[in-house]
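Residue numbers (this note's numbering), protein chains in the order written: chain A, 281 to 458; chain B, 59 to 174. Backbone N, C-alpha and C define an ideal beta-carbon position, used for all residues, glycine too. Please read all numbers here as calculations on a predicted model, not as lab measurements. Written out below as structure tokens is the structure these notes cover.
Here you go:
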């Protein structure tokens, strides 16, 4: 029988069970890395570095996880904070530009419209991109996304609204073609 | 015409919602975790405490009763001498069986207490 996340967390906290923590990472790495790849504009190497830092921070602060949201949401929240820290650092020390062609693990060909959206999303503010990705890319509810991003529900809705306004031209073109 | 939200979901799950393969990510995370906290579990800690307390108790009692121990040893050798002379007595085997049973119960109780 597969153990619940809460059981695995209890094992890590009580017995420092590393296998239990590895299982938690295995379960949630896809959502975390997918989210970070999206908000970093497809920079897989940077996203994976941030994801790794996120997991280590989660391990160190696991006792602070209160269970108010799911473990995945909590992890994404830490990931988003790491990304914001990286953004602040980036202002001080310029880093190489985000690659034009994202590193796709599967090598699947991208559709033109999806590429356009990806490009258009680079023009959004970080919090707007993150809000859009969590709600539409990862299928989180507004409440979950707000918890992950550590902002009030109203603020999250504003981010989504603004992001959608900026993408509206692209979306209407796609809608007419669909 | 599709709803704006549906289009966004369709486009974003197509580009970002795909499952990201692990590709050694979990192993890299586990390798970079801080060293084990070297914490004993509560059961192990309790067992260690019981054993340590027993050892200390035995040592203290041995030190305090050193003169008496010599007397005990002398008495014991006298008893064993008498026993060896009376091994044909059936009550001897009953005493031995009782002593074995008592020590087994003690050992099992210690083990069980230590496990919990």
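| query | result |
| --- | --- |
| Cβ-based burial, residue 83(B) [other Cβ within 10 Å; buried from 16] | buried |
| Short Cβ contact (9 angstroms threshold) for residue 297(A) with residue 306(A) | no |
| Minimum Cβ-Cβ distance from residue 332(A) to chain B less than 9 angstroms | yes |
| Alpha-carbon spacing of residue 300(A) relative to residue 288(A), whole angstroms | 5 angstroms |
| Unbroken alpha helix (DSSP H) run spanning residue 413(A), endpoints | Counting along the chain, residue 413(A) falls outside any alpha helix (DSSP H), and DSSP gives it neither H nor E. |
| For residue 335(A), the first and last residue of its enclosing alpha helix (DSSP H) | 324 to 340 |
| Neighbour list for residue 350(A) in chain B, Cβ cutoff strictly below 9 angstroms | Chain B residues near residue 350(A): none, gap ~17 angstroms exceeds 9 angstroms. |
| Residue interval of the alpha helix (DSSP H) (run including residue 418(A)) | Where residue 418(A) is concerned, there is no enclosing alpha helix (DSSP H), given that its DSSP letter is neither H nor E. |
| Start and end residues, alpha helix (DSSP H) containing residue 293(A) | 285 to 295 |
| Supposed contact pair residue 310(A) and residue 427(A) - C-beta distance, whole angstroms, cut 8 angstroms | About 19 angstroms; that fails the 8 angstroms criterion. |
| Local conformation of residue 40(B) per DSSP, three classes | As displayed, chain B neither begins before 59 nor continues past 174, which places residue 40(B) out of reach and without an answer. |
| Sequence-distant residues of the same chain with beta carbon closer than 8 angstroms to residue 403(A), five excluded per side | 446 |
| Collapsed DSSP secondary structure at residue 430(A) in the structure displayed | coil |
| Where residue 328(A) meets chain B, residues with beta-carbon distance less than 8 angstroms | 83 |
| CB contact below 9 angstroms: residue 359(A) versus chain B | no |
| Element boundaries [alpha helix (DSSP H), containing residue 405(A)] | Element bounds for residue 405(A): n/a, residue is neither H nor E. |
| Which listed residue (434(A), 409(A) and 443(A)) has its alpha carbon closest to that of residue 318(A) | 409(A) |
| Test: residue 421(A) CB closer than 9 angstroms to a CB of chain B | no |
| Contacts around residue 353(A), its chain only, beta-carbon distance under 6 angstroms, and the 5 residues preceding and following it disregarded | 424, 427 and 428 |
| heavy atom of the ligand MG below 8 angstroms from residue 121(B) C-beta | Looking for the ligand MG in the displayed structure turns up nothing, as the structure carries no ligands at all. |
| For residue 284(A), the nearest candidate out of 396(A), 322(A) and 347(A) (CA to CA) | 347(A) |
| Where residue 67(B) meets chain A, residues with beta-carbon distance less than 8 angstroms | 416 and 419 |
| Interface partners of residue 339(A) on chain B, CB under 7 angstroms | 91 |
| At least 3 beta-carbon pairs within less than 8 angstroms: the region 324 to 336 of chain A vs the region 354 to 362 of chain A | yes |
| Contact set between the region 307 to 320 of chain A and chain B, restricted to residues whose Cβ is under 9 angstroms from the partner | 309, 310, 311, 312, 313, 314, 315, 317 and 318 |
| Exposure of residue 12(B), with buried meaning 16 or more beta-carbon neighbours within 10 Å | With chain B represented from 59 up to 174, any question about residue 12(B) goes unanswered, as that position is not in the structure. |
| is_contact[residue 86(B), chain A] using C-beta, thresh 9 angstroms | yes |
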